[in-house]
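See structure below.
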Amino acid sequence: MISWICGLFPNIEKRPLIQIVYTSLVSDRVDAGEFFAMVQGVSRKFASMGITGRLIFADGRFFQALEGPPLNLDPWIRDIECDPRHYSMAIVLRRSVEKRQFEG
Numbered sequence: 075m076i077s078w079i080c081g082l083f084p085n086i087e088k089r090p091l092i093q094i095v096y097t098s099l100v101s102d103r104v105d106a107g108e109f110f111a112m113v114q115g116v117s118r119k120f121a122s123m124g125i126t127g128r129l130i131f132a133d134g135r136f137f138q139a140l141e142g143p144p145l146n147l148d149p150w151i152r153d154i155e156c157d158p159r160h161y162s163m164a165i166v167l168r169r170s171v172e173k174r175q176f177e178g
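Heads up, the working numbering is the position in the sequence shown plus 74, with the first residue counted as 1.
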């Protein structure tokens, strides 16, 4: 019975993975406190969704690389595109990857 149940939930690393890299400009409405609160909240959500990556914020620009299962990552990217905290989002790279480049 247990082996059958385990078969329903394959290891996340065996699922197809995609990597998306995007850049955007930060809205004037975002201050440092809001930025750090956002990063903490998103980090917890990403962990539960099997999404890993890195975020760089410098000179009013976000640059982020994300990787995870397409079923989880694609909706998240659509949410980011609509987020009023930044604008002029451009996806620089979208590709399938065999293994993660970033730890959780």
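Note that beta-carbon positions come from the ideal geometry of N, C-alpha and C, so glycine has one too.
Under the three-state reduction of DSSP, residue 93 is assigned to strand. By the C-beta density criterion, residue 141 is buried, having at least 16 other C-beta atoms within 10 angstroms. Shown here for residue 93: same chain residues with a beta carbon closer than 6 Å to its own, the five before and five after excluded, namely 141, 169, 171 in chain order. In the DSSP annotation of this structure, the continuous segment of the beta strand (DSSP E) that includes residue 141 starts and ends at 135-142. Secondary structure of residue 101 (DSSP, three-state): coil. Per the coordinates, the alpha-carbon of residue 167 lies some 25 Å from the alpha-carbon of residue 115.
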